[in-house]
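These notes are about the structure you will find just below.
Protein chains: 2
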Amino acid sequence: MNPNHLSPHDGQDQDYGRRRVVIENVTPEVEKGEFPIKREAGDLVVVEADIFVDGHDTIASVLLYKKEGASSWKEAPMELVQNDTWRASFRVEELGRYRYTLMGWVDHFATWYKGFVKKYEAGQDVSSEMLIGAKMIMDTLQRVSGADANRLETCAYMLTSDTFPLEAKIGTALSEELVALMQGYQERRFATVYPIELPVIVDRKKARFSAWYEMFPRSVTPRQASHGTFKDVEGVLPYIQEMGFDVLYLPPIHPIGKTKRKGRNGDVVCQPDDPGSPWAIGSEEGGHKAVHPELGTLEDFRALVARAKDFGIEIALDIAYQCSPDHPYVKEHPEWFRVRPDGGIQYAENPPKRYEDIVPFDFECKQWPALWEELASIVLFWIEQGVRIFRVDNPHTKPFRFWQWLIPRFKEAHPDVLFLSEAHTRPKIMYRLAKVGFCQSYTYFPWKIAKWELEQYFTELTKTQAVEFFRPSLWTNTPDILTEYLQTGGRPAFMIRLILAAMLGSNYGVYGPAFELMERLPRAKGSEEYLDSEKYEIRTWDLEGHDSLRGSIAQLNRIRGENPALQGVGSLTFHPTEHESILCFSKRTPDRSNIVVVVVNLDPFQRHWTYVNLNLDELGIGADETYEAFDTLSGEGYVWRGAWNYVELDPAWRPAHILVLKRHTGPLGTGQ
Amino acid sequence: MNPNHLSPHDGQDQDYGRRRVVIENVTPEVEKGEFPIKREAGDLVVVEADIFVDGHDTIASVLLYKKEGASSWKEAPMELVQNDTWRASFRVEELGRYRYTLMGWVDHFATWYKGFVKKYEAGQDVSSEMLIGAKMIMDTLQRVSGADANRLETCAYMLTSDTFPLEAKIGTALSEELVALMQGYQERRFATVYPIELPVIVDRKKARFSAWYEMFPRSVTPRQASHGTFKDVEGVLPYIQEMGFDVLYLPPIHPIGKTKRKGRNGDVVCQPDDPGSPWAIGSEEGGHKAVHPELGTLEDFRALVARAKDFGIEIALDIAYQCSPDHPYVKEHPEWFRVRPDGGIQYAENPPKRYEDIVPFDFECKQWPALWEELASIVLFWIEQGVRIFRVDNPHTKPFRFWQWLIPRFKEAHPDVLFLSEAHTRPKIMYRLAKVGFCQSYTYFPWKIAKWELEQYFTELTKTQAVEFFRPSLWTNTPDILTEYLQTGGRPAFMIRLILAAMLGSNYGVYGPAFELMERLPRAKGSEEYLDSEKYEIRTWDLEGHDSLRGSIAQLNRIRGENPALQGVGSLTFHPTEHESILCFSKRTPDRSNIVVVVVNLDPFQRHWTYVNLNLDELGIGADETYEAFDTLSGEGYVWRGAWNYVELDPAWRPAHILVLKRHTGPLGTGQ
């Protein structure tokens, strides 16, 4: 034997060996608590764990939870689900961080009681058992006062005294009152506490349920070549409100660099009147904390934020941590950039592509703490102007640790602040960004076209651990993404993608007015860039154009608002159909009082019919039950019965059903 | 902003923010390294992890590993598998504990090289790039001496000097020699080290590949009612060796208590000459460190251990941490037991069942450290007598933390010691015991009878994380388990279960001679207890009986020895068949040089035929390839082609095929 080996309790508390209960396999849990799970105010957090003990003893356990910083834990008793898995839940009401953990212990009185009942029922002599029970009651009494103490004392006396008939004594031992009393005063001796306090970040509901509209403010102008202003944007707020969007996201609003400015369609040669890309941030007029003079003043911006609020719209700003070569930082803090051998600052590149109008920060620089602080101060500046939502440009080209530091930093003081990760990159990187703090994340939705792709991808996002930390944001299009499907599928393609984004996603967005006006010419064949992209020039749009999708958008946003089932993604369920172009999925509220079934023809060119096979178990509908499927898009109702139902969808005039299921006599799930 | 919030590097190293590489999702990894993975000497440990960085930089990573206690790490470079997953492996040669972890960093020179190639191929001006590369080479030079330094210096000179033609300079920049040289001297600046050192426990091969024979030594006697001795056991070693077993496991060999001793068939009334249960350990003749006098002396035992070794057989002892009421501990250490109100020691029970011939230890007693030490000293005592394998009785009724302390304690000084967990309880408890240290574990095999049960259970054991820590031991029968299948299925049932145990399991065992002599009368209808169980009486067995299965056992153990594929479980693959009673599975070596396909008719009563559908991809056989299936049981060969093959099995004379697959011209997988 190695004499240097630890004795049993070296370095452990003196009861280490007596803590027999094991707690493992806790869910939800992201990387053993390294990252928080995400919830929204009012949500229930359902926690499960495997909890067990050696031998045959009965155990008890509680879920412990608290708002971070609270001095004491609240408790919810855990209940056995099956096979050593226990469950409890708590509700998160306030924004901010919560923590939860678990505690389990051997419930010796419950063990005694269970044995007593079995022995009694087996006709065994239980006199000795009664004395053991009485001893446990007497031990417990030391922690009890008042009426309960009197009742417990009476029980103990009954069990030990010879003056009572055996039946009365046994009756006392078996009484539920005694069990309940003892349960309330458990000593929890030698309890095991799960060693990790698992974090929850609680955001406001908008983190989960939001409809975004992206628009270049400089294009909000009646006259070609004139520059739209914040004041002009105020003028289109009714238009955006009518469509039902609640977030208006503006690309960067800062002064735009002149050096190496890109011309129209990204031309490396710039004409004198070309406005440049808003993402080439910074000029002698200022950097990330300044406003592009042609858009107006900082005061105008604050006025826009306030006016938008009147329309139920929040302004989201773009955080693009990069500079034009003219950004004041470049002169003031050359130590934050990489220098080329010729003494110049290294521009951005992804060889062989060069982005000479942009210089990236060098996050490996020695002065990284100062850089981080300055970058954080930009967010703080705009928070102080009233902004609470930030769309972060290319977060995957900045270190994960930076975000892991930055985002919690702001959410601590401003728990209503939301950050959307604009990363279209490899899956593990997108997930990591969500883990380190982003509240919403762009997805591969634009490129998921086929039925199997949509089913596979959205099953992954909603039925794996990703659902705990990754909130998908589904965009029909962006200034960078005009998919081939939209380029070629005509109006039906726009309608289909709009319906999918708004129904599959609880967070979704469109880049308009290009979307509702169905702008669909690419810069070149095979390109996803828009021809005459607003990234590089001012466009004027005929918002009142009669072919606009604004009416359909308004209808879809209204349907989303009216149906709580559509305001999350966790309940998403795909249902088989017999046609490869017809996708069917449902969402429901936890109590199934609201169930929405969406059936979409993914083929923008052909009418198709098929049978859908609804998973009635999932929907809580009886196999032979008759139910009403009310199409909120068309206003028509169908009476359906059983799992198999016929659908026929013509993309030209009806690409989808959005069916709210109802029993004839009342909403589903209410037991009517 | 909360002024108390940490600044970026509070509490972190000064390069915290510059360590950009992320390492996550490491496999194998059990509970983030709380428990070791298990391997056997000579095994390859294949490690994978998701490793990535922000942006477009090229990264490099290494697997670090060492024997525990070694002063320095060894390295294996990781290679990208796909989708940000990297892989490397190392071989564990010595018994004991190893550790491994990972390190990743941005490889700036490789990033430069990748960009250089792309820019050059795109026809861009690369003169500035050459200066950047030269600077990196010069920085590297500070860490290099000798010939390599000269070569690097030459390269740097080539890149910077104006005296060479451009083609020569570019040739230098593109040269593979330069890349290789720079690779060898990477600075690994701002490397990320995975924060956990993951443990591996390396056991000897017997932990994975063993054939156990359980036998009551007192029954090794020619005359009914006389008591077998260690000397007698020596006499049957040739018999056991002939059958091919390499572990002989003896139930407890200690003095047996007299108080409340159980009679035959577990009767609570004991006759004067009843020998009692060996698990009622301890009498005035001694406790866990003493030998039952009727078996012989401690010297006799040591002689048996030595003699068995001559036959290639290891003696495994039973560690049953419980006492008869007569055990010396009860008098010497009453503080280790629970006392009843009447002053007596609490006997074992699982209400309403009582085991009054047994008293359990109270692991919640205040003196638990002394109890743990004493219990550990029992194992040490038997290690000192030459025992290296212990079968632990009912480990699930002792605290998990006790085992987690005890087992590593012994394996540190005696890394060849093995512990088998005899827990037939709920799945999570069985897994936990394996996690905390048991080297082999009893399984639910005895009750997995139907095809779907076997497929489901053994898929779980071999294709989930369980395979990292849980080594299954498959028993056909035990003194406690005579399944209904064996009771009713006749000789075919015994053959089928034997084949399944020996082929599905790489560790398996039988309780004999009851097994090979096909003892199959239960104590009562519906009971799994043997009638006239050896647990309570001495039995004599006619080992030479002509109906014995000893020949078949010998054949199966020979097949196991000859086919490396059968000496593990990780490669187990089930193949579909078209009959619900015909099970088909295969095992193979990693290089597929040995492939064994087993087809078993699970129905002991009826002949069945069907087609099996071999997963040829898994076996490395071409779809149209002709191959030989040699039945090592019957000695017959079949020529098969394609996935679908006909089988017909009559349980009475041939319940199974054990097919070794061979190409006509040589073993499979050798590329012949």
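Residue numbers (this note's numbering), protein chains in the order written: chain A, 5 to 676; chain B, 5 to 676. C-beta: ideal position from N, C-alpha, C; glycine also.
Does the beta-carbon distance from residue i to residue j come in below 7 Å?
i      : j      : result
A/R473 : A/K439 : This sequence places Phe at residue 473 of chain A; Arg is not what is there. Their beta carbons are under 7 Å apart, which means A/F473 touches A/K439 by this criterion.
A/L202 : A/G59  : no
B/D366 : B/F406 : no
A/T447 : A/L490 : no
B/P580 : B/N617 : yes
A/V664 : A/F634 : yes
B/L587 : B/K455 : yes
A/L163 : A/M134 : yes
B/V573 : B/T466 : yes
B/A569 : B/V600 : yes
B/D207 : B/E44  : yes
A/F519 : A/N481 : yes
B/I485 : B/P450 : yes
Can you pull the chain A neighbours of residue i, defined as C-beta to C-beta under 9 Å?
i     : result
B/G21 : F367, E368, W372, P373, L375, W376, P403, R405, F406 and W409
Is residue i close to chain A, meaning its C-beta is less than 7 Å from at least one C-beta of that chain?
i     : result
B/D88 : yes
B/F56 : yes
B/R24 : yes
If we ignore side chains and look at the alpha-carbon of each, how far apart do residue i and residue j end up?
i      : j      : result
B/L156 : B/L182 : 7 Å
B/E629 : B/V643 : 10 Å
A/P412 : A/S597 : 36 Å
A/F394 : A/Q444 : 10 Å
A/E180 : B/P332 : 42 Å
A/A160 : A/Y189 : 15 Å
B/E558 : B/L525 : The displayed chain sequence assigns Ala, not Glu, to residue 558 of chain B. Taking the straight line from one Cα to the other gives about 25 Å.
A/I136 : A/D166 : 15 Å
B/V421 : B/P279 : 31 Å
B/A660 : B/K452 : 17 Å
B/T468 : B/Y435 : 12 Å
B/S328 : A/L106 : 38 Å
B/R227 : B/A656 : 34 Å
B/Q172 : A/Y217 : Correcting the residue identity first, residue 172 of chain B is Ala in this sequence and not Gln. When rounded, the distance between both Cα atoms is 55 Å.
B/I542 : B/H231 : 7 Å
Following a CB-centred definition, is residue i positioned closer than 6 Å to any heavy atom of the ligand HEM?
i     : result
B/G73 : Summarising the ligand content, the structure contains no ligands, and the ligand HEM is consequently not present.
Can you confirm whether residue i, when its beta carbon is compared against all beta carbons of chain B, has any partner nearer than 7 Å?
i      : result
A/D17  : no
A/N354 : yes
A/K666 : no
A/K123 : yes
A/K266 : no
A/R524 : no
Against residue i, what residues of chain A qualify as contacts under a CB-to-CB distance less than 8 Å, listed in chain order?
i      : result
B/L68  : None at all; the shortest Cβ gap to chain A is about 21 Å.
B/R208 : The premise fails here: B/R208 is roughly 19 Å from chain A at the closest Cβ pair, so nothing lies under 8 Å.
B/R392 : Residues of chain A passing the Cβ test: none, with the nearest at roughly 15 Å.
Mind listing the chain B neighbours of residue i? Cutoff is C-beta to C-beta under 8 Å, in chain order.
i      : result
A/P226 : Those within 8 Å of A/P226 in chain B number zero; the least Cβ separation is about 41 Å.
In chain B, which residues lie less than 9 Å from residue i when you measure between Cβ atoms?
i      : result
A/D346 : S132 and L135
Identify the contact partners of residue i in chain B, using a Cβ-Cβ distance below 7 Å as the criterion.
i      : result
A/H400 : D58
Every unbroken beta strand (DSSP E) inside the segment 475 to 507 of chain B [3 residues or more]: 476 to 479
Length at least 3, wholly inside the segment 19 to 99 of chain A: the beta strand (DSSP E) runs in chain order: 26 to 31, 41 to 44, 48 to 56, 63 to 71, 78 to 81, 83 to 86 and 89 to 95
Runs of beta strand (DSSP E) lying entirely within the segment 335 to 378 of chain A, each at least 3 residues, in chain order: With a minimum length of 3 residues, the continuous beta strand (DSSP E) runs that stay inside the segment 335 to 378 of chain A are 352 to 354 and 357 to 359.
Completely contained beta strand (DSSP E) runs for the segment 543 to 598 of chain A, where each covers 3 or more residues: 586 to 592
Segments assigned alpha helix (DSSP H), at least 4 residues, entirely inside the segment 379 to 450 of chain B: 404 to 417 and 431 to 440
Alpha helix (DSSP H) runs wholly inside the segment 232 to 259 of chain A, at least 4 long, in chain order: DSSP runs (the alpha helix (DSSP H)) wholly in the segment 232 to 259 of chain A: 234 to 247.
In chain order, each alpha helix (DSSP H) run of at least 4 residues that lies wholly inside the segment 101 to 159 of chain B: 112 to 125 and 131 to 145
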